[in-house]
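Number of protein chains: 4
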Amino acid sequence: MLLRLRQGLAPHELRTVIDEAGRQGATVRFLDDARTLAELEGPFQASARARFEDLWAVVSILDAKDAPELHQTVRPGAGGVDTIEAGHARFGGGDLSIVAGPCAVEDRDALLEIARHVADAGATLLRGGAYKPRTSPHAFQGLGEAGLALLDEARALTGLGIVTEVLDPRDVEKVGAVADVFQIGARSMANSALLTEVGRYSAEHGTPVLVKRGIAASVRELLLAAEYVLNEGTNRVILCERGIRSFDNVTRNLLDLGAVAHLKGATHLPVVVDPSHAAGRADLVLPLGLAAVAAGADGLLVEVNPRPETTHSDGAQALSPSAFVDLVRRVEALAQVCGRRVVRVAREAV
Amino acid sequence: MLLRLRQGLAPHELRTVIDEAGRQGATVRFLDDARTLAELEGPFQASARARFEDLWAVVSILDAKDAPELHQTVRPGAGGVDTIEAGHARFGGGDLSIVAGPCAVEDRDALLEIARHVADAGATLLRGGAYKPRTSPHAFQGLGEAGLALLDEARALTGLGIVTEVLDPRDVEKVGAVADVFQIGARSMANSALLTEVGRYSAEHGTPVLVKRGIAASVRELLLAAEYVLNEGTNRVILCERGIRSFDNVTRNLLDLGAVAHLKGATHLPVVVDPSHAAGRADLVLPLGLAAVAAGADGLLVEVNPRPETTHSDGAQALSPSAFVDLVRRVEALAQVCGRRVVRVAREAV
Amino acid sequence: MLLRLRQGLAPHELRTVIDEAGRQGATVRFLDDARTLAELEGPFQASARARFEDLWAVVSILDAKDAPELHQTVRPGAGGVDTIEAGHARFGGGDLSIVAGPCAVEDRDALLEIARHVADAGATLLRGGAYKPRTSPHAFQGLGEAGLALLDEARALTGLGIVTEVLDPRDVEKVGAVADVFQIGARSMANSALLTEVGRYSAEHGTPVLVKRGIAASVRELLLAAEYVLNEGTNRVILCERGIRSFDNVTRNLLDLGAVAHLKGATHLPVVVDPSHAAGRADLVLPLGLAAVAAGADGLLVEVNPRPETTHSDGAQALSPSAFVDLVRRVEALAQVCGRRVVRVAREAV
Amino acid sequence: MLLRLRQGLAPHELRTVIDEAGRQGATVRFLDDARTLAELEGPFQASARARFEDLWAVVSILDAKDAPELHQTVRPGAGGVDTIEAGHARFGGGDLSIVAGPCAVEDRDALLEIARHVADAGATLLRGGAYKPRTSPHAFQGLGEAGLALLDEARALTGLGIVTEVLDPRDVEKVGAVADVFQIGARSMANSALLTEVGRYSAEHGTPVLVKRGIAASVRELLLAAEYVLNEGTNRVILCERGIRSFDNVTRNLLDLGAVAHLKGATHLPVVVDPSHAAGRADLVLPLGLAAVAAGADGLLVEVNPRPETTHSDGAQALSPSAFVDLVRRVEALAQVCGRRVVRVAREAV
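Chains as they are written, first to last, in the UniProt record's numbering: chain Z, 1 to 350; chain U, 1 to 350; chain F, 1 to 350; chain G, 1 to 350.
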C-alpha cells in the first residue's frame, strides 16, 4: 500500500501511522527524505485501507492494490462463479434478467394483471414497493404489510420472484419473509444500520441484496455500501445504477453508464440498471435500457403499468404492457450480439 | 392552488384530479379550453400540495401559496415566537448560538478538556458523535453507548447541553436520554423512519431536532425532511446547511449560503451552518463561519480539537482551541453589526 | 404560447408583454383573474420564444409548441431529409459514421499512419486538432497552420474528410479551407462570436458544423448554440454529446445518453457521441461507444493513437489500432440489430 | 516537484519524463523501485507544472510548491503591493470597491440616472454591458458600439470608471478605448484567444482584466484562465466568483464562498464577488453580498436598476436604488469590523 502523508509531521504524529501498521502486521518504509510517502508491506485484511484512510496523518491512499476490500474479491455466486440466482432469475456471468412491475403496490387486481403480463413477456422477477420512500410525509407511503401480502399472492400466481424495498431495519424480517431479493433504495444507500441488518439476514437466509446507488453517491461510496452488506458474511449483493442528480432536466436523473462499464471491471458483483427512474419518462426507457445492456449491465429494472393514471407515484415513467414486450424483444436481440443472453422463465416452470 | 396538468387528458384521467379535490373539500376551475391549467379553491390542509403532486395527471404545482405546508407555518418557539431554546442556547429571533466540540467522542480526557475549553470560549452546546455514520464498515463507527455516557459526564461538568447524532430508529430512546438536541446527519436526511421516530420523541419530550441537509438535497427536500418531524406534532426543528457535493475540490463540500438566505425568508425554523464539514479544512472555517452569520445564520456548528492527530475522523477540519476563541470573538463582533447577538452561558449558570 | 407572468404586475408592466406581442403580430388573452397566465396566439417567428423569455414580466414559458425555434424545424439534409453528408460520411436518417484520429495533430508520420489505419478500419472522417483549447497557457496549443497542412495531406492520401476544431473567429476562413466539418469544442459552445462566424461560412460554403455540448451546458443551451449557427442561414449542424462535469471521478466526464435519446426526438439534427473524451480512459471507450449507438447516436468520434506516450494531450483515452478495429466491427453488428447501418468508404472511392 | 507516473512504464516511456526534465534543466530521482514516483529538482519556470501534466506518462502532480505558476507569484499592484487601482477604485490589500450598474446598457436616460445614483451611493465603478453574451441568438445582444459611447458619456458625467465586457478578440481595441476594467464573462473564461488578446492589451495599456469564473469551472481552471492573461506580461488581473451551476433552483447559481476564502490564500490577485448573478433574485443580494465580504472578498459587483421592467435581461436580480444605498451602508459597517474599508470617491474628485 502506498500512502501520502501530511507534510511536516511531528514524530508522535508519524507514530500513529507506524502504530496502525504494527496493529495490522505490516511494515512501513518512507520513500522520501521528508517522509510524506510511505510504502507499506502487508499482508492486509479487507479493512486495512479504511483504517489508514481514517488517520489524520494520511492525506490519501495512492495505491491499495495489495489490500483489496471485500467488494473487490468476493465472488457472488455459489462455488466461486459470478452469477447470482434468485428464483428463475440469473444476474452476471453472461446472464441477464429483467425485473419488471409497478412502482408501488397499490391495488390487488392491477398488481396481478401486471405480474401476469410481465411474466408472459419475459420478466423473471416482479418489482413493486410495499414500503415507499417519499420526499413528503403527506405523500402515499405504500400499503406496508398489506402490500407484502399482495406481492406474495402475485408470486404464487405467476412464479415470479419478488424484488421489494426495505426501508427500516425493524422491517427486515417481515420483508425478508416475502422478498426473493431485498432492494435498498437510493435514499437508503448510506443507511448503515439498514445495510448491516439486511446483510445479517442475507448471510443467514441467502436472500440477495440489490443496492441502488444514491442520488449523489460516488462509485466508491456505492461499493462501500455493498461492503457493509458483504461484511456481514453474505456474498449475494447486486449493484444498481439508477441515475444521479445533475443540473439538466430533460431526464429526471442522469444515467451514468460509464459507472456501469467501470464496475464491470472493478468487482465481481453483478450490476443492473434502472432506466425508468433515471429517465423519469416512459419514452426514454427503451433507448436507455438498450444502452445499459450495451454498456455491460447484467439486468434491467423496468416499471410497467397499464394504467399509470391511477397510481400515486412515478406513473410518468411506466411502460405500457405492449412497450414492455417490445423492450424485452429488443434487449434479447441486443444481448445476443453482445455475447450475452436474457434469462426467461421456462414454460414448464410456471 | 394552481396546477399544470398533462396535455390531452381523457375524462377519466381528469377525474382523478377532481376526485382528489373533492376529498380535500376544494373546488376546481379549468382556466384554458384545453384544460391543462386548473385553479383550485380550498381551504387546504398542510398535506394538500403533496397529494396533488402525487397524481399522475399533474405535471407541476404552479402556485400553492394558499396551501402552506407545516414548515411554512409552524412557529418553533413556545408562545409563537421563532426562538428555539436548548439548555443555555437560543437559536432564532436574533439570537445566535455556537455549538462546538470534536467530530466523534473518542477519549474521555480529550472530550472533557475540549468541553471545558469551548464552554469557556463561548459555546453553549457541545457537539460530538457517539454513533458515527461512516462510508466504510471498516472505519471507526463511534463508541456507541459508552460515548453517550461520556457526553453525559461532559454536560455535568460544564453545563453545556449536548447535540449528538442518532442513526437508527431503534436508538432514539437511548440517545434521547442524553441529547439536548438530536442531530439528524446529512446521510440520514431522507431516512423517513428515523425522522418519524425522532419527531414522535420530540413531540413527547420537547427535544429539538437539528436536521442537516443531505449532500445533494434540494432546499425543498430539506424542508420536507423537516416536515416529517413536524408532522409528528413537535414544532422544535432546526435546519442545518453543511455544504453540498460539487465538482471542485478546494473545499470538501460547497457551502450554500444562498440556501441559508432563502430559508430565512421561507420558514420560521432557525437555520444554522456547519462550516467545518463544508470546508473540510481548518483554515477556511473562520471565513466561512463569518460569512454564514452575515448571510443570516442563527448559529454555527464548529469542530474543535486540540489534538486532531489522535482522532479517527475529520481531524483535518478541526479548529485548535485558540482558533476557536478567535472565531467566537469575531462572530460576536460581526453579529453585532448585523443587529444580532451571540448567546453566552452566564457565569453563574455554570 | 402560454406564459407565466409575475404576480401583481402594474398596468405599465403588463403593457411590456402586450407590446411585445403586438410587435410580433400576436394576440394576448389572460386566463386568470390575477393575470398571471397569458395565452398568446400567433403565428410566431423562430425568435418569438426568446423575445418573451427576455421580458422581466415573464417568469417562464409554460408552452411554446406553436412557436418552434430553428433547431426544432430545420431539416439538415438537402431536399428535406435528415441526413448530413460530409465526404464519404453520412450522419442521420439511419446512417451512422465513425470519425477517428488523434487528439491533436503533432507529428506528420504519426498522423499519416493513423489516418491510413482508421480509413482501412472503417472510419469515414479523420479527426485531429491543429488548434487545441487548453486549460493552461503553458500546455501544448497545437501546431496551428502547420497542423492544417498536415490534415490536408492526410486527406489527399486517404480520402478521409477532415473534422477539425476552430477556436477563434479570425481563423474561420483558414480552417474552413481545410475542414470538411468544423468542430466547435465544448469550451467554445457559448462563444457566440465564433458560432456566428462559422454559421456564416457554412451558409456560404456548405461546410457542416459539429457543435459539442459544453461541460455544464443544459440540453436547451446546446440547442441554442446550434440555433446561433442555424440563424446564419445554414442547415448543416451536427450535435455532439461528450460528457458533462459531475462529482465522481471514475470517468473524466459523465456521458449523458439520456440527452442523446431525448435529442433524437427533439430535433432533426444528427446527434453524435464522443466516448473518448467522456471516459478519459481507453478501456471504457468500447462499452460507452456501443451504449451510445444503442441509445440512438448517429455517429461516434473516437480517439485512436498507436503511440499515445509521445503525445501532449489526452493520450490516456486513445484506442490502439487493433482496439479500434474491434470497436468498428462491434458497432456495425450492434447498429444492424438496431435497424441502422455504419457507412463505410467504398473500396473504389479511395 | 513530485510526480506520480503510470505503472509499468517501458524505458522509452519513462524517457519522455526524463527528457522533459532535461529540457527544463531539472534532475529526476525515482523514489520507489517500481519507478512510479519521481522527484524533480529545479529551478523551474512558471510553465514547468503544465509541461509535466501534459505528458502521457504522468498520472498526476503530487506536489509543485517549488514550481509556482504566475498566478501564485505575481503581485498585482505597482511596486509589489497587492492592490489594483482602477480610476477611484482599489481592490485588495484591505481595500474594497463596489461596482454597480445595470446588466446591459439599453437606454441613455436610464443609464445616466443609474450612474448618478450609484456614484452618490458609494460605487466607484459603473458596470454595464454593451456586448451581451446571450444563450439565444434571438435575445437582445446589447447595443454594441452605441452602448460603449453611452458608457463613455456616463463616465464623463459622474467620474465613475467603467467595467464592461468584451466578447470577441476583434473588439478588444474598441472596448479598451472605453473600459477602465475589461470584464471577461463566465461564458468566455475558457476562450483562450480572447484572454490572450486582452492580456496583450493590458500589458501595453495597463487596463485591469476582471475574469469571471465559468459556470462549471474549477478554482484551478479559473486561476489558469488568469494565467493566460498574466502570461502576456500584465500583472493586473482581478478574479470574480459569480456562482456555479448546481442542482437546486432557489438561487440561479450557487455562490461558492469557500472558493473565495481559498483564493485569498492561494494568490495575490484580488477576488471580487457578484452576488446578483449568483442569486438571480434581488432579495438575496444583500445577505450574499455581506457574506462575500465576510468571507474575504475585495469588492462586489452589484446590479442596480430603478426600472427593471423595461430591461431585456436579468431584471429580476437588480436592486432598487434605495436597496443599493442600504447595501453600501451595511457593507461599510461589516468591512470595518473585518478590518477592511470600502473605498469611496472623494467629494472633490467628482
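Every residue gets a Cβ at the ideal spot worked out from N, C-alpha and C, and that includes glycine.
query = So what's G/A349 in DSSP terms, helix, strand or just coil?
reply = Note that G/A349 scores a pLDDT of 47, beneath 50, so its modelled location is shaky; the value from the coordinates is reported in the next line. Here G/A349 sits in helix by DSSP.
ask   = Quick one: Cα of U/M1 to Cα of Z/G159, how far?
value = 46 Å
message = I need the DSSP call for G/K212, collapsed to helix, strand or coil.
response = strand
key: Close beta carbons around F/V99, own chain, < 6 Å, minus the five adjacent residues each side   = L125, R127, V163 and L301
inquiry  = For U/R35 and Z/A333, what's the separation of their Cα atoms in angstroms?
reply    = 42 Å
request  = Give me the Cβ distance between Z/E165 and Z/Q183, rounded to the nearest whole Å; I'm assuming they're in contact under 8 Å.
outcome  = 4 Å
request  = Could you tell me if G/Q24 is buried or exposed, where buried requires 16 or more neighbouring beta carbons within 10 angstroms of its beta carbon?
outcome  = buried
Exposure label - U/H205; buried when at least 16 CB within 10 Å = exposed
task = Work out the CA separation of Z/A294 and Z/V350 for me, nearest whole Å.
result = With a pLDDT of only 44 at Z/V350, under 50, the local geometry of the prediction cannot be trusted, and no value is derived from it.
task = Note down, in chain order, every chain U residue with its Cβ under 7 Å from the Cβ of F/D32.
result = L31 and E39
ask   = DSSP state of Z/T310, grouped into three classes?
value = helix
ask   = What's the C-alpha gap between Z/G299 and F/Q336?
value = 22 Å
message = Just to check my reading of the structure: F/D180 and F/G161 have Cβ atoms closer than 8 Å, yes? What is that Cβ distance to the nearest angstrom?
response = 3 Å
key: CB contact below 9 Å: G/L14 versus chain Z   = no
message = Let me confirm a value: Z/V81 is counted as buried when at least 16 other C-beta atoms fall within 10 Å, else exposed. Which label applies?
response = exposed
query = Is there at least one Cβ from chain Z nearer than 9 Å to U/A349's Cβ?
reply = Legend: pLDDT at U/A349 = 47, less than 50; position of this residue unreliable, value from coordinates given subsequently. Cβ-Cβ to chain Z under 9 Å: no for U/A349.
query = Quick one: is F/L9 near chain U, going by C-beta distance under 9 Å?
reply = no
query = Of all the CB atoms in chain F, is at least one closer than 9 Å to the CB of Z/L224?
reply = no
key: For F/A67, the nearest candidate out of F/G42, F/Q317, F/A177 and F/N253 (CA to CA)   = F/G42
Closest residue to U/A216 among Z/E303, Z/A186, Z/D95 and Z/G93 (Cα-Cα distance) = Z/A186
message = Is it buried or exposed, G/E106, if we count other Cβ atoms within 10 angstroms and call 16 or more buried?
response = buried
message = For U/R252, would you say it is in contact with chain F, using Cβ-to-Cβ distances shorter than 9 Å as the test?
response = no
ask   = In chain F, which residues lie less than 8 Å from G/E204 when you measure between Cβ atoms?
value = Residues of chain F passing the Cβ test: none, with the nearest at roughly 18 Å.
ask   = Short check: CB of F/A46 to CB of F/L70, under 9 Å?
value = yes
task = Please list the partners that U/G315 has in chain Z, where partner means a Cβ-to-Cβ separation under 8 Å.
result = W56
query = Are any of the Cβ atoms in chain F nearer than 9 Å to that of Z/Q72?
reply = no
ask   = Since F/L111 and F/A64 are thought to touch, with beta carbons under 8 Å apart, how far apart are those beta carbons, to the nearest angstrom?
value = With 8 Å as the limit, F/L111 and F/A64 do not qualify as a contact, their Cβ atoms being about 46 Å apart.
key: Contact under 9 Å by Cβ, G/A291 with G/V219   = no
Which residues DSSP lists as bridging U/Q183, in chain order = U/E165 and U/L210
message = Along the chain, where does the beta strand (DSSP E) containing U/L62 start, and where does it finish?
response = V58 to D63
Cβ shell of G/I116 (< 8 Å), same chain only, five flanking positions each side left out = According to the sequence provided, residue 116 of chain G is Arg. The question's Ile does not apply to it. So the list reads L157 and T158, once near-sequence residues are dropped.
query = From F/T234 to F/I84, what does the alpha carbon distance come to, in whole angstroms?
reply = 12 Å
key: Chain-ordered chain U contacts of G/L257 [CB-CB under 8 Å]   = L255, L257, P287, L288 and A291
message = Would U/R6 and U/E13 be called neighbours here (beta carbons separated by less than 9 Å)?
response = yes
message = Given this structure, state the Cα-to-Cα distance separating G/L210 from Z/S246, to the nearest angstrom.
response = 29 Å
task = Could you check what DSSP says for F/L319 in three-state terms: helix, strand or coil?
result = strand
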